[in-house]
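Protein chains: 4
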Amino acid sequence: MKIGILTSGGDAPGMNACIRAIVRYALSNGIECYGFYRGYQGILDDDHVVLKRTSVSNIIQQGGTFLQTDRCEDFLKSEYRRKAAVILRKHGIENLIVIGGDGSFKGAELLSEETGITVVGIPGTIDNDLAYTDRTLGFDTAVNTVIGAINNLRDTMQSHNKVTFVEVMGRRCGDIAFNAGLTGGAEYVLIPEMPFDIKKIAEEITESALKGKKSNLVVLAEGAGKMEEICAEFEKFSGIKPRQTRLGFIQRGGSPTYYDRLLACELGIESVKMIANGTDSRVIGVKDGKIISYGISEALKMRKQFNRSLYEDMYKLS
Amino acid sequence: MKIGILTSGGDAPGMNACIRAIVRYALSNGIECYGFYRGYQGILDDDHVVLKRTSVSNIIQQGGTFLQTDRCEDFLKSEYRRKAAVILRKHGIENLIVIGGDGSFKGAELLSEETGITVVGIPGTIDNDLAYTDRTLGFDTAVNTVIGAINNLRDTMQSHNKVTFVEVMGRRCGDIAFNAGLTGGAEYVLIPEMPFDIKKIAEEITESALKGKKSNLVVLAEGAGKMEEICAEFEKFSGIKPRQTRLGFIQRGGSPTYYDRLLACELGIESVKMIANGTDSRVIGVKDGKIISYGISEALKMRKQFNRSLYEDMYKLS
Amino acid sequence: MKIGILTSGGDAPGMNACIRAIVRYALSNGIECYGFYRGYQGILDDDHVVLKRTSVSNIIQQGGTFLQTDRCEDFLKSEYRRKAAVILRKHGIENLIVIGGDGSFKGAELLSEETGITVVGIPGTIDNDLAYTDRTLGFDTAVNTVIGAINNLRDTMQSHNKVTFVEVMGRRCGDIAFNAGLTGGAEYVLIPEMPFDIKKIAEEITESALKGKKSNLVVLAEGAGKMEEICAEFEKFSGIKPRQTRLGFIQRGGSPTYYDRLLACELGIESVKMIANGTDSRVIGVKDGKIISYGISEALKMRKQFNRSLYEDMYKLS
Amino acid sequence: MKIGILTSGGDAPGMNACIRAIVRYALSNGIECYGFYRGYQGILDDDHVVLKRTSVSNIIQQGGTFLQTDRCEDFLKSEYRRKAAVILRKHGIENLIVIGGDGSFKGAELLSEETGITVVGIPGTIDNDLAYTDRTLGFDTAVNTVIGAINNLRDTMQSHNKVTFVEVMGRRCGDIAFNAGLTGGAEYVLIPEMPFDIKKIAEEITESALKGKKSNLVVLAEGAGKMEEICAEFEKFSGIKPRQTRLGFIQRGGSPTYYDRLLACELGIESVKMIANGTDSRVIGVKDGKIISYGISEALKMRKQFNRSLYEDMYKLS
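Protein chains in written order, with the working numbering: chain A, 3 to 320; chain B, 3 to 320; chain C, 3 to 320; chain D, 3 to 320.
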């Protein structure tokens, strides 16, 4: 039996640990592993490597993905997905493990439906923006990276009595901003899930400045609005020119945390078990502390629930 | 309404974040907070501080506990527990939040039974050795500290072809060793929950050395046996003199991870809510991703289950 | 005898360690210390604190400056400098220690000349842009922060075959970019001290991509040009759209490295010794491994020499 | 022209960066590089690799040495050194670069004298125990690792009012203990270079405890005495049982700091330049901020000077 493995979409810490788990667990069960480079593109180019135990030595602690990743435009077209199946079957591969986000899973769903290739999807994205799973690979690491950066920012903003706006990743999902902001000690967190009133924030900060509290941190998810515009509005209402920092791609890298490594191992092991047991195409994840799986289309239809009550409680602490 | 707060037993990263959450959430609900220094001893000495919002500024990111902690021999005696209740009631305090481990909860149980003071226990210990909760405050930070240390050790052991034994904390519970070891890339993990055969390990390492694998990492929980003796046995069977490292108290400190800060906030908020709603004495924790609570004696009677299947699966990766 | 202390201009890691050293060394010599908040503004507002040994406990490891810092427009005018001297003398302070950069030293020079107050300047700025000293407080920490961030960026750019441009601090001086870039493994470093040809870089990167080298890191000092324009030019010549990251204020914070702490202690001690020995106004620093000092105007006239030969040698390694 | 390269003795962060610099600088000058594994043993076994530019890609940030290191008993005998020269000359290698400490340099001196092979020695050891150079590769990283560990220890000792003894590396040289201790905020530093009176320390700590200062940190170099004995004495005189922590091998690993990477590059470049210019056998290093070199026997005869005046001044701050 042979399994294909690829990483797709944005890279995330823990992808390497997950590939290692898949390869070693599969090999210990007599299953061969083909790694395809740069996501679906690697299948189309038949750019692959046969993975041995030692191919994945010393990578559990490394950020990124040694199989590399890419977004593959061609794979949006049916003819290329059929070509991919032909190439996979040429190698005797009927089962594919895709580590990626919802765009990658959409491709997986179509590949599976159109060609009968079985795909198991593992959630790998720092954004934590998949509704069917409580956690995605890389999220824990990214949030810890952000609170480290916030720690640095607090040193300097406290030295200057500054209001600082920090933009973090998250186009549709404010989980990084919310979690890193409120545990990083930010005064405000602006996320796509919750309306906010920049005028009210400006007034509160102006007022608290009169009482002596002069440094304030506002953490902003990408998806909550354009930082420059929000800062301009803030300045208009408060008369205070805020500092702006965009953390950018440093959030994507770094050695994965223990939790992301462990989740990577558990999901990698489970995906191999499912394939060995003849699963249909599914995505796996973690819900209420347990590994779970769903049919791909079912998973992709779910809408992420925002924990508003936690949000409101946490705000009382800031 | 007034709440007493103390930290007891071994300190753990996240205790400060938890005190902050309790104080700010309580104050936002009109509840006053008295912090007692050095655990139960602080009640007996009436060594306390009235905590304001600003008393807990800028501590969410700090390891340790600014209320300090201690083991209190006197509190093992009923007369001192009665004295503690008298002092608490002198201040109008009928509810106490205790952040600590099972020894601290035992004291809490007796205080509650004998005097009618309501105690809510929050699990704060890096060891993760409480059966009723999946996680204790400080565990996530400690495991990340250990994998950081292991990363350093791997640099040097790979430069030398060395077998290295690392002892980590965990007298009764191998969770730190197991989680940090297997996600740190250790070849072996020795824990109190699982028998091990040092002769077999010695033979396997000797054999793999012949095939070219010359550096091996063995992570050992305190409770699995004396490191010196285990290393001596290993040397006897393998002829290889291993390096020994005991990580010690560095595992107790450090800025808490995002997860420990978040858990600290959630448990702190919940403890205040329970008290505001007139709870009886209970310990709280997290199970399957949800905040849960138990009667203290019920919780203390539980036995921690070891996840043997995960252990065996993870071993196939190492 | 009494000494005034202030931090001025941009904050830098090591300022707290330096204040601690000044205070404790002065007190051990029977000299009192007045800390003024927010730089020169704190003198004008007579916003000060008398510093004791315990006032500076537990700050050696903290970034930023607890005395805070600010740029003070008023101090550019002679009348305010005279007012400052009056306030200092009201407290019996004839000697002032200023931790800051060249703007702060310019103010110090004028204050000294016009009023006879003796000022000793200590170089505190992450930019390392003072010609008279090999190192400024905060530079070592900032460069280490940047190579940490670069490490994260490399994980993700290697996963994506991306060309990444990173902007780091340094308006007039490329030391952060040069040192962090070449020791961080960057392929190119763009600094104000050296001309560069973005067309040639684009061509080289395009050519090396053909040979299989697909990820490239370009580190850019603020003063070398506008990142957006340089990236647009790069894209025009290469056809490759680069990623852009601006590290921003995270470079200013963080716990100081050992070297910055040690330098802070040595400069702090030396400044007190000089004052105790009746020095005239001077700035101190480190040259060829030794603590040195210059008259302020002499120091400010020096022009920083760029080590072109090191630059060229280092480039051969990248 | 061909150069041999090896790393010998204890590994140190920066060795990889130095090998990279040697290889790339040599290749850019048309010189071939042979890396020998496990120090001198690799020559005796003729266990070598021809190093290309890409052989040293992506290692500048890695601790340890990919060429590995070992202590080689055989090399203490003249016959083996002559054998080594024969093997080197078989490959056409007349010049050898040895990265290591004084034991390795002693071997280099003898090899050079007896066989005429030219050896350039680069100081690579975390201990900073070579008299002829101000800095050795790995020292800056090791001290930063130790102050990070001390930071963790301070969290927990402050939570417990504990006296903590920490043993750090340094058999003959207290530089790690002195530098990390005093910049880490330790109250006492015990080093082989300075006598100390444990009774007096015990009395001072007992006395300061009465005044409310209850947590104290004592940093101890390996060479200052046996930790267990010193702690027993301390307990006898003070009645306080101290915590003991031995940092061990974590001090050897970790990603090198910027300074160690830069020094590695500069020394690597210089060693190649010297060989290209037909140098005799020498060791190189850094003195007063400049790269310097000495004849090997001259260097090995020097005695390291202890900076007692800095020691005494720094103590006034603790």
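The beta carbon of each residue, even a glycine, is placed where N, CA and C say it ideally should be.
Only a predicted model underlies this, so the values are computations on that prediction, with no experimental measurement involved.
Residue-level contact to chain C via CB, residue i, 9 Å cutoff
i: Phe251 (chain A); result: yes
i: Leu302 (chain D); result: no
i: Asn60 (chain D); result: yes
i: Ala19 (chain D); result: yes
i: Asp157 (chain A); result: yes
Residue i vs residue j beta-carbon contact at 9 Å
i: Thr147 (chain B); j: Gly255 (chain D); result: no
i: Leu53 (chain A); j: Leu139 (chain A); result: no
i: Ala188 (chain D); j: Val221 (chain D); result: yes
i: Arg305 (chain A); j: Ala87 (chain A); result: no
i: Thr166 (chain A); j: Asn218 (chain A); result: yes
i: Val191 (chain B); j: Leu249 (chain B); result: no
i: Pro194 (chain C); j: Ala223 (chain C); result: yes
i: Thr143 (chain B); j: Thr259 (chain B); result: yes
i: Asp13 (chain D); j: Gly126 (chain D); result: yes
i: Asn181 (chain D); j: Leu69 (chain C); result: no
i: Lys318 (chain C); j: Ile271 (chain D); result: yes
i: Ser106 (chain C); j: Gly41 (chain C); result: yes
i: Leu90 (chain A); j: Leu78 (chain A); result: no
Residue-level contact to chain D via CB, residue i, 9 Å cutoff
i: Gly187 (chain C); result: yes
i: Met229 (chain B); result: no
i: Asn153 (chain C); result: yes
Distance, residue j Cα to residue i Cα
i: Ile24 (chain D); j: Gln64 (chain D); result: 16 Å
i: Phe308 (chain D); j: Ala226 (chain D); result: 14 Å
i: Ser240 (chain C); j: Glu209 (chain C); result: 9 Å
i: Asp48 (chain C); j: Gly32 (chain C); result: 23 Å
i: Gly109 (chain A); j: Ile119 (chain A); result: 12 Å
i: Asp136 (chain A); j: Ala179 (chain A); result: 16 Å
Residue-chain proximity (residue i, chain B), Cβ-Cβ < 9 Å
i: Gly65 (chain A); result: no
i: Ser161 (chain D); result: yes
i: Met316 (chain A); result: yes
i: Asp129 (chain D); result: no
i: Ala211 (chain D); result: no
i: Thr247 (chain D); result: yes
Beta strand (DSSP E) segment containing residue i, residue limits
i: Ile286 (chain C); result: 284-289
i: Glu169 (chain B); result: 165-170
i: Arg245 (chain D); result: 245-248
i: Leu192 (chain B); result: 190-192
Range of the contiguous alpha helix (DSSP H) that encloses residue i
i: Thr117 (chain A); result: 104-117
i: Gln253 (chain A); result: It is not in any alpha helix (DSSP H) - Gln253 (chain A) carries neither H nor E in the DSSP assignment.
i: Pro183 (chain A); result: Just to set this straight, residue 183 (chain A) is Gly in the shown sequence, not Pro. Unbroken alpha helix (DSSP H) run through Gly183 (chain A): 177-185.
i: Leu312 (chain A); result: 310-317
9 Å Cβ cutoff, residue i in contact with chain A
i: Met171 (chain C); result: no
i: Leu132 (chain B); result: no
i: Asn184 (chain B); result: Note that residue 184 (chain B) is Leu in the sequence shown here, rather than Asn. Yes, because at least one Cβ of chain A sits closer than 9 Å to the Cβ of Leu184 (chain B).
i: Leu53 (chain B); result: no
i: Asn181 (chain B); result: yes
Cβ-heavy atom distance, residue i to the ligand MN, below 8 Å
i: Ala151 (chain D); result: You won't find the ligand MN in this model; it holds no ligand whatsoever.
Within 8 Å of chain C by C-beta, residues of the stretch 23-49 of chain D in sequence order | Ala23, Arg26, Tyr27, Ser30
Identify each residue in the stretch 66-79 of chain D for which the Cβ-Cβ distance to at least one residue of chain B is less than 9 Å, and report them in chain order.
-> Gly66, Thr67, Phe68, Leu69, Gln70, Thr71, Asp72
Could you name the residues of the stretch 258-274 of chain C whose beta carbon sits closer than 8 Å to any beta carbon of chain A, in the order they occur along the chain?
-> none
Report the residues of the stretch 138-149 of chain B with a CB closer than 7 Å to any CB of chain A, ordered along the chain.
-> Asp142, Val145, Asn146, Ile149
Can you list, in chain order, the residues of the stretch 273-296 of chain D whose Cβ is nearer than 7 Å to any Cβ on chain C?
-> Asp290, Gly291, Lys292
Within 7 Å of chain D by C-beta, residues of the stretch 215-226 of chain C in sequence order | none
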